[in-house]
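Here's the structure we're looking at; comments come further down.
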Amino acid sequence: MNHKTKKKFGQNFLMDKNILDKIILLSKPNKKNIIEIGPGTGNLTKYILKEEPKKLLAFEIDEDLIPLLKDEFSSFENFKLIASDFLKVNLEEIIEEEFFGENVDVIANLPYYISSRIIFKLLENPQVNSIGIMLQKELVERIVSKPSTKAYGRFSVALNSFYEIEDYFIVSRNVFNPVPKVDSAFIKLNKRKVFPKEIKDYLEFIKLSFAQKRKTFLNSLKTNELFYNITYKYLVKQNYDLKIRAESLSYKEFINIYEEIEKEKNA
Ligand code: SAM
């Protein structure tokens, strides 16, 4: 495909057959409902379609790429292209219309400046059964980090509360064209069976917990009376040090505390 790459859309195309094979091996798209975000010139799209997914729905923001992608893939009956900014689409509605509300699996090699926003958008949709995504290496280090380490924070807790890590591998910057400034890693995440039901409220709880680095966990929650009061009671009951910091709590501990909040809210 002839296409002049656009920096503003974070276009670094994946050129390496071995890496493409490894992504497919981990993602296993056969017979699945797949969403691909940012197909670009279709390098990964081609590999996904070879595996015969039930349906592949791709979202591409760059209008110049749309005719190229249509030319190459419109003969596939299970392929559909949406020319949109993925961050702006109503994902819940699209999953209902295009996949009849069934589970979907996401595969994406995206620009790094939008990857955490994309991930938070995916987290809010319970139908997203798995996410196979190429990320900046540092972001993957945050996802796999343990409490009380430098990389650990809001992002690690949010993600691990909803998804478990199946596997990941490091990808050298040299397999992309043009070559980006950082190395990458591809990670496969599978939805947990049990996760907080009130997704937005739970994410707000985490956000607040980590909002002020210098404060203790409890003090960070002070702006939300309900979060603060229930967390305070829980920490006392469970014999926690009240000066504990959010960075030293595991995602499971966050979920346990949040379950108390949910109970109280629904009482
Ligand atoms: N998947 C292709 C590959 O592996 O070669 C392209 C990867 S390139 C890093 C990222 C792609 O995402 C580009 O095609 C870019 O135009 C597209 N993109 C960037 N922002 C987007 C957005 N908000 N919604 C949908 N696509 C986007």
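FYI, in the numbering used here the residues of the sequence shown are 80 to 346.
Yeah, the Cβ is synthetic: ideal placement off N, Cα and C, and Gly gets one too.
Query, Result
"Can you tell which of R196, I197, Y311 and K331 has the C-alpha that lies nearest to the C-alpha of K322?", "Y311"
"For L287 and K96, I'd like the C-alpha separation in whole angstroms.", "43 Å"
"Mind checking I249: buried by the 16 CB within 10 Å criterion, or exposed?", "exposed"
"Restricting to runs no shorter than 3 residues, where is the beta strand (DSSP E) found entirely within the region 132-183?", "134-138 and 158-161"
"Go through its chain and collect everything with a Cβ distance to L30's Cβ below 8 Å, but skip five positions before and after it.", "Residue 30 lies beyond the residue range present for the chain, which begins at 80 and ends at 346; the question has no answer from this structure."
"Could you spell out where the beta strand (DSSP E) holding K267 opens and where it closes?", "S263 to K270"
"For ligand 1, any of its heavy atoms closer than 7 Å to the Cβ of L166?", "yes"
"On the three-state DSSP scale, how would you describe S235?", "helix"
"Mark P118 as exposed unless 16 or more other C-beta atoms lie within 10 angstroms of its C-beta, in which case mark it buried.", "buried"
"Going by alpha carbons, who is nearest to K270 out of I145, E243 and D320?", "E243"
"List the DSSP bridge partners of L93.", "F255"
"Output the distance between the C-alpha atoms of K110 and K134, rounded to the nearest integer angstrom.", "8 Å"
"To which residues does DSSP link Y242 through a beta bridge?", "K270"
"Less than 7 Å separating the Cβ of Q215 from some heavy atom of ligand 1?", "no"
"Skipping 5 residues on each side, what residues in its chain have a beta carbon closer than 6 Å to that of F152?", "F158"
"If I follow the unbroken beta strand (DSSP E) through L214, where does it start and stop?", "V207 to Q215"
"Any chance the CB of F92 is under 7 Å from a heavy atom of ligand 1?", "yes"
"Please tell me whether, using a cut-off of 7 Å, the distance from the CB of P118 to the nearest non-hydrogen atom of ligand 1 is below it.", "yes"
"Using the Cβ count rule (16 or more neighbours within 10 Å means buried), how would you classify D141?", "buried"
"Opposite N298 in the DSSP bridges: which residues?", "According to DSSP, which records beta bridges pairwise, N298 is partnered with nothing at all."
"Could you work out which residue in F234, I116, D184 and L147 is closest to I164 when comparing CA atoms only?", "The residue asked about is misnamed: residue 164 is Asp in this sequence, not Ile. Of the candidates F234, I116, D184 and L147, the one whose C-alpha sits nearest the C-alpha of D164 is I116."
"I'd like the span of the alpha helix (DSSP H) that includes E326, first residue to last.", "Looking at the DSSP string, E326 is not in any alpha helix (DSSP H), and its letter there is neither H nor E."
"Closer than 7 Å: is that where the CB of L189 sits relative to any heavy atom of ligand 1?", "yes"
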